[in-house]
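Undergrad: Be aware that the sequence shown starts at 144, since it is given in the numbering used here, and climbs by one per residue. Below you'll find the structure I mean.
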Amino acid sequence: YPFIDTMQDMLLGRTHSPLRCGSGFENYSIVQDGHIAPCPCMAGMKDYYCGDIATSDPKNLRKIDIGGECNECDIRDFCGGRCLYSNITMPWSKEGRRLVYESVKNLKTAMEVQLPRVKRLIADGKITVGQFNHVKYNGCEIIP
144 YPFIDTMQDM LLGRTHSPLR CGSGFENYSI VQDGHIAPCP CMAGMKDYYC
194 GDIATSDPKN LRKIDIGGEC NECDIRDFCG GRCLYSNITM PWSKEGRRLV
244 YESVKNLKTA MEVQLPRVKR LIADGKITVG QFNHVKYNGC EIIP
């Protein structure tokens, strides 16, 4: 998924990605008591609950977005913010966040380097753009 989803966006000219797993806007988790959490990792984080299965309209659930330093990041549009849970809980030190940033930046650079090759393979009929189709926003951790 880290390769399929990001390469598909590059091939289709999509320049802004929301959170790639879909948490907080497209993919939610139902907690045992019926509350709706924005992410499976956020069960118990009641301040971030988005609704309740008994009373909420599924089409109007609260949206939770990435915030903080991710909004100022030069690769935000590529990674989408990486992880809602880690964006909120900040489990890593500044150095840890820098290392995560560097790993995602490395993925972006590697995908950009391969983009011309993938376009050539498509032009030569060896692969198709359709082969990059996949289920989006299914909770997969696309940006490691």
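Even for Gly, the Cβ is constructed at its ideal location relative to N, Cα and C.
1) Provide the residue(s) that pair with D195 in DSSP beta bridges, ordered along the chain.
2) Report the rounded CA-to-CA distance for V122 versus G211, giving the unit in angstroms.
3) Roughly how many angstroms separate the alpha carbons of K206 and G177, rounded to a whole number?
4) In this structure, does DSSP put S229 in helix, strand or coil?
5) Does DSSP put I173 in a helix, a strand or coil?
6) DSSP three-state call for S166: helix, strand or coil?
7) Buried or exposed for G273, please, with buried defined as at least 16 other CB atoms from any protein chain shown within 10 angstroms of its CB.
8) Starting from F146, follow the alpha helix (DSSP H) in both directions and report where the run begins and ends.
9) Cβ of I285 within 8 angstroms of Cβ of P183?
10) What separation, rounded to the nearest whole angstrom, lies between the Cα atoms of D208 and P161?
TA: Let me spell this out:
1) H178
2) One cannot answer for residue 122 here, as it falls past the ends of the chain, which runs 144 to 287.
3) 17 angstroms
4) helix
5) strand
6) strand
7) exposed
8) 145-155
9) no
10) 9 angstroms
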